[in-house]
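Below is one structure, written out as structure tokens; the observations come after it.
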Amino acid sequence: MNIVVTGGTGFVGSKLTEELVQSGHHVYILTRNPDGHENTASTTFVGWLKDEFSPWEELPSVDAIVNLAGESLNSGRWTEEKKQSIMQSRIDATEGVLELIQKLKTKPEALINASAVGYYGQSKTKTFTEETVEPGDDFLANVVVEWEKRAAKAADLGVRTAYIRFGIVLGEQGALPKMAIPYKLMIGGRIGSGEQWISWIHVDDVVGLIRYAIEHSHVKGPVNGTAPNPKRNKDFGQTLGDVINRPHWIPAPAFALKTALGEMSIMLLGGQSVVPKKAIEYGYEFKYPELEPALQSILD
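Residue 79 in the numbering used here sits at position 75 of the sequence shown, and the numbers go up by one each step.
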């Protein structure tokens with residue numbers, strides 16, 4: 005298949021590209037700087053989101069588009085300007101994908117759009133599935149609502165559309181290396197109360213779930229990209245400490261994190277228990293349904 009990927013050089017995107025290429029597909033990576041990358045027999049970099057680029061003229065018939073583009077949530081304190089940039093990056097990328105779909109001579113069969121479990125808001129007591137239709141009311145929930153609203157327009161163009169609501173993606177990059185630092189320094193422990201939920205997923209399962217969504221025509225709408233067994237922060241930390249043979253004993257107080265990070269502290273002090281009900285019903289088999297083997301595969 006010919007598969008277009010935005011955000012194809014990022015943490016998840018690079019893993020996805022590698023998997024798709026190994027499976028015999030050709031990947032077209034949309035980028036603002038195509039000259040900064042070298043094409044191969046199986047990957048082609050195509051310019052987009054600048055006036056001088058017309059990707060619809062360069063692409064062949066496309067089978068699917070995977071939209072992973074968007075500014076990192078943890079790349080700096082959430083000032084009002086930063087929050088606007090986080091929101092706008094996702095809107096611009098998704099609207100760029102919609103423009104591409106509209107201008108392609110042949111529409112792709114599917115759009116697989118990144119999303120996030122932040123849709124559900126924060127809760128220490130509730131468990132969320134895709135059947136939860138009422139979003140949260142914080143910044144992250146608002147971002148996801150606007151993000152998915154744009155992506156949903158692809159369905160109006162006759163393109164099967166799925167939104168993979170990512171949890172915390174565990175891998176050699178992303179959040180896990182930062183989470184491991186306190187433990188490696190022998191100062192790891194619960195964050196805040198430790199009761200907040202972490203809905204996590206191994207990067208191999210993110211890639212596997214995206215590929216599954218591409219290849220199976222019954223996959224559509226919101227799909228929780230989380231492992232079946234979320235963990236409370238205190239239990240996640242204890243497991244992390246056990247895997248790297250470090251103690252889990254020094255708590256990080258909530259007030260200190262709020263002072264240091266401001267509104268961004270919600271990423272550490274908030275959380276939600278999210279279960280991948282639809283992924284399981286669709287028949288996707290998780291490689292890492294349990295946390296300890298997932299961490300061992302990355303950190304051992």
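The beta-carbon is built from N, C-alpha and C at its ideal position, and this holds for glycine as well.
**Report entry** Nearest neighbour of Phe290, chosen from Ser301, Gly212, Glu61, Lys111 [CA to CA]
**Finding:** The option with the nearest alpha carbon to Phe290 is Gly212.
Report task. Identify which residue in Arg36, Trp60, His41 has its Cα closest to the Cα of Gly51. Result -> Arg36
Query raised in the report: Do the region 25-45 and the region 8-15 meet, that is, are 3 or more Cβ pairs less than 8 Å apart?
Result: yes
Report task. Round the Cβ separation of Trp253 and Gly196 to the nearest angstrom and send it over; I've been treating them as touching at under 8 Å. Result -> At roughly 15 Å, the Cβ-Cβ gap does not stay under 8 Å, so Trp253 and Gly196 are not in contact.
**Report entry** Selected residue, minimal CA-CA separation from Gly266, among Gln276, Trp82, Gln26, Val227
**Finding:** Looking at the Cα atoms, Trp82 is the closest of the given residues.
Query raised in the report: Closest to Asp304 by CA distance: which of Glu176, Asp239, Phe259 is it?
Result: Glu176
Requested in this report: Determine the contact status of Asp67 and Glu103, defining contact as a CB-CB distance below 7 Å.
Outcome: no
Query raised in the report: With a CB to CB cut of under 7 Å and the five nearest residues on each side skipped, what residues in its chain are close to Thr136?
Result: Excluding residues within five positions, the ones whose Cβ falls inside 7 Å are Tyr124.
Requested in this report: Return the CA-CA distance between Gln276 and Gly122, expressed in angstroms with no decimal places.
Outcome: Cα to Cα, Gln276 sits roughly 8 Å from Gly122.
Query - Nearest-angstrom Cα separation, counted from Trp204 out to Leu180 - result: 10 Å
Query raised in the report: What residues match up with Val227 in a beta bridge as DSSP calls it?
Result: Ile168
Query - Cβ neighbour criterion (16 or more within 10 Å) applied to Ile218 - result: buried
Query raised in the report: Exposed or buried, Asn71, counting other C-beta atoms within 10 Å across all chains shown (16 or more means buried)?
Result: buried
Query - Residue ranges of each alpha helix (DSSP H) within the region 74-134, 4 or longer - result: Listed in chain order, they are 84-107.
Query raised in the report: For the beta strand (DSSP E) that contains Gly245, what are its first and last residues?
Result: Not the beta strand (DSSP E): Gly245 falls in the alpha helix (DSSP H), residues 237-247.
Report task. Apply the 10 Å Cβ neighbour rule to Asp190 and answer buried if 16 or more other Cβ atoms are within range, or exposed otherwise. Result -> Asp is not the amino acid found at residue 190; the sequence shown has Met there. Exposed, by the Cβ-count rule.
Query raised in the report: If you count every other CB in all the chains shown that lies within 10 Å of the CB of Lys19, and 16 or more means buried, which is it?
Result: buried
Query - Closest Cα partner of Asp96 within the set Ser79, Pro234, Lys54, Leu161 - result: Lys54
Query raised in the report: Assuming Arg154 and Pro226 make a contact with CB atoms under 8 Å, what is their CB distance in whole Å?
Result: Separation of the CB atoms of Arg154 and Pro226 is rounded to 14 Å, and the pair is thereby denied contact status at 8 Å.
Query raised in the report: Which residues mark the beginning and the end of the alpha helix (DSSP H) in which Thr263 is found?
Result: 258-265
**Report entry** Tyr216 - containing alpha helix (DSSP H), residue span
**Finding:** 207-219
**Report entry** Phe15, enclosing beta strand (DSSP E) - first and last residue
**Finding:** No beta strand (DSSP E) contains Phe15, which is instead part of the alpha helix (DSSP H) from 15-26.
Query raised in the report: Going along the chain, which residues of its own chain have a beta-carbon closer than 7 Å to the beta-carbon of Val164, five neighbours each way excluded?
Result: With the sequence shown as reference, residue 164 is identified as Arg, and Val is not the correct amino acid for it. Excluding positions up to five away in sequence, the list reads Glu113, Ala114, Ser221, Lys224.
Query raised in the report: For the beta strand (DSSP E) that Leu34 lies in, which residues bound it at each end?
Result: Judged by DSSP secondary structure, Leu34 falls within the beta strand (DSSP E) whose first and last residues are 30-35.
Query raised in the report: Can the beta-carbon of Val25 be found closer than 7 Å to that of Ile69?
Result: At least 7 Å separates the beta-carbon of Val25 from that of Ile69.
Query - Proximal residues to Ala73 (C-beta, below 6 Å), its chain only, five neighbours per side dropped - result: Cβ neighbours of Ala73 beyond the five flanking positions: Thr10, Gly11, Ala97.
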